[in-house]
Every structure is written in C-alpha cells, then in structure tokens.
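Colleague: Following full-length UniProt numbering, the numbering of the sequence shown begins with 1 at its first residue and continues without gaps.
The beta carbon of each residue, even a glycine, is placed where N, CA and C say it ideally should be.
Note that this is a predicted model, so its numbers are computed, not measured.
One structure, pasted below without further comment.
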Amino acid sequence: MEKFLVDIMLGKLARWLRILGYDAIYANIKEIHILFYYLENGYIFLTRRGQWKNCRHLKGKAVYFVQSDKWPEQLKEIVNKYNLKPYYLFSRCIVCNTPLVKKEKNELLLTIPEYVAHSFSQFKFCPKCKRIYWPGTHQKRMREKLKEIFGENWILL
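Encoded structure:
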C-alpha cells in the first residue's frame, strides 16, 4: 500500500489521502537528508515546489510533482496516478495520521456526547491524539464529496 510524504503546501491533499486510508505524512521538508530518509523507507514525496523539481539528487526517486493547484483535482490526480482505491476509508486519524482502532460504545460513554451515544453504535479511536470518530454527518459529507470528485460508482462503501 502506498505511503506518502506530502509537502506543506498540499495540506488538504494530505487530509483527503488520510480520509481514503493512506499513510500521508504532512511535513515542511527543507533538508534533503530528511527527504531521503522517507524516500528510503518507501514513501512517495508529493510536492508542487520548484526547488525540488530542479534538484538533481531527486532524479529517479519516488517524487511526484502535483500539477493542479486545487485540492479536488490534486486528489483525483494522485488517485489516478497511483491507482488508489477507497478500501480503507476512514481508517486513519485525519489530524495525526495514526491508524484508528475500533472501540465499543460502552468504552466511550464518558467521552462522547449523549446524543451521539444514542444515535451511533460504531466508533473508532485514535490512540495517539485521542480523537473519537463515528459515522455521522461529517462522514456522509465526505462520501458525497468523493462521489462528486470521482463519480457515483467509485465509492460504494
């Protein structure tokens, strides 16, 4: 499964790659030795910065220069380029990129709003930043946005 190192100027792209379930580290890479660390560990570097485009040390490396300047088009560009699928939708923390863990409702009763406890039975928890996710209207809006970008049949989850 692809892993991405996403340049600081592509924050929305990083967020939406996480929504799709892909490891997307969002960072301001300024030093080439840090970039090489990630490249050597299987990450694909996504950027729009001209300074990296002209760097001779990156020739032949897993670096992709994103063409579009609008995030929906960027996401479509990356999904098409790497043939990404939404198999792991909503499986990573949108904020910190950590894989989410399923939690039972009774484990979260003291930390979720009462109306959420009455309305939902499925929950995911981020062990790093402690955020709790449930399939509410925010997920519905994200699914709708993905359908808008990729077409009705792309996401049948």
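1) Which residue from Ile25, Leu5, Leu13 and Pro72 puts its Cα closest to that of Lys145?
2) How would you call Trp154, buried or exposed, if buried means at least 16 neighbouring beta carbons within 10 angstroms?
3) If I'm right that Leu39 touches Lys61 with Cβ under 8 Å, what's the distance once you round it to whole angstroms?
4) Where DSSP assigns a beta bridge to Thr137, which residues make up the other side?
5) Roughly how many whole angstroms lie between the Cα atoms of Gly42 and Leu75?
6) From the DSSP output, in three-state form, read off Val6 for me.
7) Keeping to the same chain, check which residues put their C-beta closer than 7 Å to that of Ser91; ignore five residues upstream and five downstream.
8) Quick check on Pro86: does DSSP put it in helix, strand or coil?
9) Given a threshold of 16 other Cβ atoms within 10 Å of its Cβ, counted over all protein chains shown, does Arg18 qualify as buried or as exposed?
10) Excluding the 5 residues preceding and the 5 following Lys12 in the sequence, name in chain order all residues of the same chain whose CB lies nearer than 7 Å to its CB.
11) Nearest to Tyr26 by CA position, among Ile32, His33 and Trp16, is which residue?
Modeller: The short version:
1) Numbered from its first residue, the sequence shown carries residue 145 at position 145. Minimum Cα distance to Lys145 is reached at Pro72.
2) Translated into positions along the sequence shown, residue 154 becomes position 154. Flag for Trp154 reads exposed.
3) Position 39 of the sequence shown, counted from the start, is the residue given in the question as residue 39. Position 61 of the sequence shown, counted from the start, is the residue given in the question as residue 61. Going by Cβ atoms, the distance from Leu39 to Lys61 rounds to 5 Å, so yes, they are a contact pair.
4) For this step, residue 137 is matched to residue 137 along the sequence shown. Among the bridge pairs identified by DSSP, Thr137 is matched with none.
5) Translated into positions along the sequence shown, residue 42 becomes position 42. Translated into positions along the sequence shown, residue 75 becomes position 75. Going by the C-alpha atoms only, they are around 20 Å apart.
6) In the sequence shown, residue 6 corresponds to position 6, counting from 1. Here Val6 sits in strand by DSSP.
7) For the purposes of this step, residue 91 is taken as the residue at position 91 of the sequence shown. Around Ser91: Gly21, Pro99 and Leu100.
8) Within the sequence shown, numbered from 1, the residue matching residue 86 stands at position 86. In this structure, Pro86 counts as coil in the three-state DSSP scheme.
9) Within the sequence shown, residue 18 is the residue found at index 18, counting from 1. Of the residues assessed, Arg18 falls on the buried side of the cut-off, its CB having 16 or more other CB atoms within 10 angstroms.
10) Counted from its first residue, the sequence shown places residue 12 at position 12. In the same chain as Lys12, and ignoring 5 residues on each side of it, the C-beta atoms closer than 7 Å to its own belong to Trp71, in chain order.
11) To locate residue 26, count along the sequence shown from 1; it is residue 26. Checked all of Ile32, His33 and Trp16; the closest Cα to Tyr26 is Trp16.
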